[in-house]
Amino acid sequence: MNRRTMMKWLVKGIGLVTAAMVGIPTMIAAFSPSWLHRSRRSRWRFLGAVDSLPLGEMRKIVVALPDEEWGEALRQKAVYAWRPAERQVIVYSRSCTDLGCPLTFDPGSQCFFCPCHGGIFDKNGERLAGPPNRPMYRYAARITEGGEIEIDLNSVPPMA
Amino acid sequence: MKKKIAERFGAVTIKENILERRVPKTPWYQGDGATLTTLLLVQVITGVTMTLYYTNSADFAYDSVEYITTTLPMGWLVRAIHFWTAGIMVVVMVGHFFRHLVMGGYKPPREGTWTVGVLQFFLVLTMSFSGYVLRWDERAIYAAHVLLNMFSKVPLIGEELVLLVQGAPQIGSLTLTRFHSVHVLIVPLLLIGLVAVHLYLVILHGITAKAEHKRAIETAGEQKKAYKEAAQSPERGEWFYPEANARIGTMALAVFLLAFSLALVAGPPQLYPEANLVRSSMPQEEWWFWWYSALIAQLPPAMAPIFYPVFPLALFVGMLLLPILDRGSNRGPRKRPVWVAAVGLSIIALLWLSSLRVQSPWTGWPDSRPPPVPEQVVISEKAEKGRLLFSRYGCNSCHALASHGRKVGPDLARIEHRMSQKELRTFILNPPDDVSMPSYQGRMGADDLERVVEFVLVAQTFPRRTGQGEQKGQ
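In the order they appear, the protein sequences are chains U and E. Anchor point for the first sequence: position 1 equals 4 in this note's numbering, and the numbering is continuous, going up by one each time. Anchor point for the second sequence: position 402 equals 424 in this note's numbering, and the numbering is continuous, going up by one each time.
In structure tokens:
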């Protein structure tokens with residue numbers, strides 16, 4: 004290797020090392036949410052007293068979101084809940100399983116309608132029409148001994 | 023002295039090599055590139071102005087956009103110009119892309135110019151999407167939701183991508199700051215850099231001249247010869263400045279004036295209620311994405327999740343590979359009839375899909391208003407009860423009746439195959455499996471069922487061609 008070739012490699016090497024010194028920390032900082040929030044511990048939230056949910060009737064209920072979420076208007080979220088049987092609660096995310104548009108429940112037809120691309124689901128969350136290829140997202144829900152309904156906010160995908 | 027200063031700042035070199043250069047005669051429509059550059063400049067100026075007032079915190083972003091629109095002197099106009107030039111820029115860019123498909127603008131020696139253009143194409147689309155998320159109204163938050171859900175369908179790394187774009191376990195301020203950085207810093211920096219490279223390459227390799235269309239040109243050397251001959255010819259060539267410049271500048275000015283007029287007349291885009299995850303909402307994408315939305319609505323469930331990652335990727339890779347895939351020597355529309363047809367059909371498809379999105383016949387939605395009865399038509403008491411029940415049972419959430427209402431299901435007054443009373447009853451209680459209708463078994467009592475059936479049968483006898491103004495009972 005002659006002096007000139009060595010100089011060329013040296014210049015390239017120094018350039019690369021300098022780029023890495025800036026690039027690696029900035030990339031780690033920028034991409035960190037992909038792995039920081041992957042392991043999602045259960046986060047149970049109070050939904051309401053089980054008795055306040057009439058049997059068989061779909062209700063839209065607003066739940067409080069964790070305080071650390073920034074943006075006041077986003078510190079609460081509506082979900083749909085109903086009680087098919089005395090001690091059974093089903094809680095749905097409002098996100099359409101196609102592209103996440105907000106589903107609206109129609110008490111007349113007992114269907115969920117997506118405002119975007121024609122997704123329609125029945126009361127059981129099963130697809131009736133449109134591009135969705137899976138049923139509605141259901142939150143893990145439990146009824147405490149005191150008769151309170153709780154849901155795990157992290158039991159649905161992060162974009163639901 | 024003046025010349026000396028100009029020389030010291032490099033202006034003489036620019037004048038001699040860029041302004042005072044010979045180019046083949048340039049038709050006005052070749053001004054689409056100059057138009058895009060002009061619109062980008064307008065975007066930068068209006069965008070920078072808005073950043074003086076915009077706040078990228080989820081608590082105040084919406085308020086700051088409202089302030090720009092309603093209180094800031096001339097703020098509404100700045101926002102309106104930004105919005106209309108953005109939409110028109112997408113249209114002109116697609117036009118620019120189509121024109122080069124027809125011309126063969128990616129053929130030697132312009133493969134590099136084309137490749138940079140493809141990157142710009144996707145960056146402009148990113149800008150045109152990320153921009154309206156910054157408004158932080160309902161349209162914005164659901165636009166972000168749609169994008170996140172598209173990313174979620176990417177195999178293997180879907181969830182990681184969602185978290186990367188969302189910036190947090192759930193949508194919020196960290197999502198907004200990310201979209202803000204993408205829209206205001208990351209993409210503009212890349213885009214302006216690429217525009218500089220693209221323009222440099224346009225000067226280096228020249229515009230797609232008519233001289234290249236006349237005979238088959240295989241190599242970069244042949245192209246350079248044909249281009250130079252045309253540029254130097256007194257009849258077929260001209261000076262870039264002012265002749266060519268005036269013509270392409272006129273197109274740029276005309277398009278900008280169109281955007282400016284729309285901004286003056288139509289104003290800035292409507293702001294929906296502030297971003298929230300509670301209200302019932304009917305969000306819609308901006309008009310330049312209507313075609314895509316309509317396309318998505320046609321997808322069968324088995325295909326939808328594959329389509330979301332594959333379509334943009336296929337488009338991107340296909341565009342990048344085009345110079346390698348199409349190695350024919352034909353340039354110009356006359357020698358490329360297949361491309362002319364493909365582009366023509368694509369334009370028709372884009373317009374047709376966009377108009378379909380305006381109608382959105384696939385969307386069902388609750389509607390408490392019973393269907394109207396035509397003027398001078400009297401219906402029985404039983405049918406009238408059925409009319410009220412028609413909306414109470416949500417029939418009109420999907421079915422129109424004599425053209426009034428949603429169009430998800432068939433118009434019950436217009437169906438070709440008329441059902442008997444018995445068939446209707448059976449259909450309502452137990453719809454066939456292949457029909458996207460909920461069963462009313464156990465929910466609709468016998469009396470209500472009779473009334474609804476009666477009303478549907480009566481409605482089928484309504485006179486046709488009833489205008490909305492003649493209706494009553496809405």
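Cβ atoms here follow ideal geometry from the backbone N, Cα and C, with glycine treated the same way. Computed from a prediction, not measured in an experiment: that's the story for all the values here.
Same chain only: Cβ atoms within 6 Å of residue i, ignoring 5 sequence neighbours per side
i      : result
U/P160 : none
E/G127 : T230
E/V87  : R157
E/M273 : W50, G53 and T57
E/E308 : Y154
E/S458 : none
E/Y76  : S86
E/E260 : K47 and A266
Limits of the unbroken beta strand (DSSP E) element including residue i
i      : result
E/I5   : Limits of chain E in this structure are 23 at one end and 496 at the other, which puts residue 5 of chain E out of reach.
U/P87  : Q79 to A88
U/Q91  : Q91 to S96
U/V70  : Note on residue identity: the sequence assigns Asp, not Val, to residue 70 of chain U. Per DSSP, U/D70 belongs to no beta strand (DSSP E) and is neither H nor E.
E/E244 : No beta strand (DSSP E) holds E/E244; the alpha helix (DSSP H) holding it covers A242 to Q254.
U/E2   : Nothing in the structure corresponds to residue 2 of chain U, since chain U is present only between 4 and 163.
E/E445 : Unbroken run through E/E445 is the alpha helix (DSSP H), Q443 to L451; no beta strand (DSSP E).
U/T107 : T107 to D109
E/P46  : R44 to P46
U/I152 : E151 to D155
Sequence-distant residues of the same chain with beta carbon closer than 7 Å to residue i, five excluded per side
i      : result
E/Q496 : Low per-residue confidence applies at E/Q496: pLDDT is 37, beneath 50, and the placement is therefore not dependable, though the value from the model is reported in the following sentence. Result list for E/Q496: R391 and P394, in chain order.
U/T147 : E153
E/T488 : Low per-residue confidence applies at E/T488: pLDDT is 46, beneath 50, and the placement is therefore not dependable, though the value from the model is reported in the following sentence. Excluding residues within five positions, the ones whose Cβ falls inside 7 Å are P396 and A424.
E/L58  : M111, V114, M115 and H118
E/Q490 : Summary for E/Q490: the model assigns pLDDT 45, below 50, so the residue's position carries little reliability; its value from the coordinates is reported in the next sentence. Same-chain partners within the cutoff: there are none.
U/G111 : none
E/G416 : P388
U/R145 : E153
E/E403 : none
Neighbour list for residue i in chain U, Cβ cutoff strictly below 7 Å
i      : result
E/V64  : Per Cβ cutoff of 7 Å: no residues; E/V64 is ~30 Å from chain U at best.
E/S458 : I123, L131 and A132
Element boundaries [alpha helix (DSSP H), containing residue i]
i      : result
E/V64  : D54 to T73
E/Y89  : A83 to T92
E/V277 : N267 to A288
U/I27  : R6 to F34
E/G117 : G97 to M125
U/L50  : Looking at the DSSP string, U/L50 is not in any alpha helix (DSSP H); the run it does join, the beta strand (DSSP E), is W47 to A52.
E/I163 : E160 to S174
U/Y142 : Note, U/Y142: premise wrong, no alpha helix (DSSP H); beta strand (DSSP E) at R141 to I146.
Close Cβ partners of residue i (< 8 Å) along its chain, the five nearest in sequence each way excluded
i      : result
E/Y84  : R157, W158, D159, L293, E296 and A297
E/S152 : F201, V204, H205 and V209
E/T73  : V206
E/V224 : G55 and T135
E/Q493 : Interpretation of E/Q493 is limited by its pLDDT of 44, a score under 50 that renders its predicted location unreliable; the figure taken from the coordinates is listed afterwards. If we look at E/Q493 and ignore the five residues flanking it on each side, its Cβ neighbours are P394, V395, P396, E397 and H426.
E/L451 : S461, Y462, Q463, M466 and L471
E/G271 : G53 and A56
E/M172 : Y330 and P331
U/I123 : C114, F115, F116, C117, R130, L131, A132 and G133
Listed by chain order, chain U residues near residue i by CB distance under 8 Å
i      : result
E/R414 : G111
E/E234 : Those within 8 Å of E/E234 in chain U number zero; the least Cβ separation is about 39 Å.
E/S419 : D109, G111, S112, C114 and F116
E/E403 : The contacting residues do not exist; E/E403 stays about 22 Å from chain U at best.
E/E181 : R41, P160 and P161
E/V430 : G121, I123 and A132
Chain-ordered chain E contacts of residue i [CB-CB under 8 Å]
i      : result
U/G103 : Y164, H167, V168, L170 and N171
U/S55  : Within chain E, no residue comes near U/S55; the closest Cβ sits about 18 Å away, beyond 8 Å.
U/S98  : H167 and N171
Interface residues of chain U facing residue i [CB-CB closer than 9 Å]
i      : result
E/Q142 : The contacting residues do not exist; E/Q142 stays about 23 Å from chain U at best.
Closer than 7 Å at the beta carbon, the chain E residues around residue i
i      : result
U/A81  : L299 and V300
U/G162 : In the sequence as displayed, the identity of residue 162 of chain U is Met instead of Gly. Going along chain E in sequence order, the residues near U/M162 (Cβ under 7 Å) are H167, L170, N171, S174, V184 and Q188.
Partners in chain E for residue i, counting only beta-carbon separations shorter than 9 Å
i      : result
U/T107 : S302, S303, M304, W387 and P388
Worksheet item: Is the stretch 312-327 of chain E in contact with the stretch 375-392 of chain E, if contact means three or more CB pairs nearer than 8 Å?
Response: Yes, the stretch 312-327 of chain E is in contact with the stretch 375-392 of chain E.
Worksheet item: Using a Cβ cut-off of 9 Å, which residues of the stretch 303-334 of chain E contact any Cβ in chain U, in chain order?
Response: Answer set for the stretch 303-334 of chain E: S303, M304, P305, Q306, E307, S315, A316, I318, A319, Q320, L321, P322, P323, A324, M325, A326, P327, F329 and Y330.
Worksheet entry | Interface residues of the stretch 365-376 of chain E facing chain U [CB-CB below 8 Å] | Per Cβ criterion, the list is empty.
Worksheet item: In the stretch 21-36 of chain U, which residues sit with their C-beta less than 8 Å from some C-beta in chain E, listed in chain order?
Response: Cβ contacts with chain E: F34 and P36.
Item to complete: For the stretch 189-202 of chain E and the stretch 47-57 of chain U, state whether three or more C-beta atom pairs, one from each stretch, are separated by less than 8 Å.
Response: The stretch 47-57 of chain U and the stretch 189-202 of chain E do not touch, with fewer than three beta-carbon pairs separated by less than 8 Å.
Worksheet item: Between the stretch 344-360 of chain E and the stretch 232-250 of chain E, do three or more beta carbon pairs fall short of 8 Å?
Response: Between the stretch 344-360 of chain E and the stretch 232-250 of chain E there are three or more C-beta pairs closer than 8 Å, enough to call the two in contact.
Item to complete: For the stretch 189-216 of chain E, enumerate the residues whose C-beta is nearer than 8 Å to any C-beta of chain U, in chain order.
Response: Listed by position along the chain: G189, A190, P191, Q192, I193, G194, S195, L196 and L198.
Item to complete: Note down, in chain order, all residues in the stretch 385-399 of chain E with a beta-carbon under 7 Å from any beta-carbon belonging to chain U.
Response: For chain U, the residues of the stretch 385-399 of chain E that bring a beta carbon within less than 7 Å of one of its beta carbons are T385, G386, W387 and P388, in chain order.
Worksheet item: Of the residues that make up the stretch 74-107 of chain E, which ones have a beta carbon closer than 9 Å to any beta carbon in chain U?
Response: Listed by position along the chain: S79, A80, D81, A83 and Y84.
Discussion item. Give me the subset of the stretch 86-97 of chain U whose CB atoms are less than 8 Å from a CB atom of chain E, sorted by chain position.
Written reply: Taking a C-beta cut-off of 8 Å against chain E, the contacting residues of the stretch 86-97 of chain U are R97, listed in chain order.
Fill in: Members of the stretch 41-69 of chain E that neighbour chain U once the beta carbon cut-off is set at 7 Å
Cβ contacts with chain U come from no residue of the stretch 41-69 of chain E.
Discussion item. Is it the case that the stretch 23-33 of chain U contacts the stretch 85-99 of chain U, given that we only count it when at least three CB pairs across the two stretches are under 8 Å?
Written reply: No, they do not touch.
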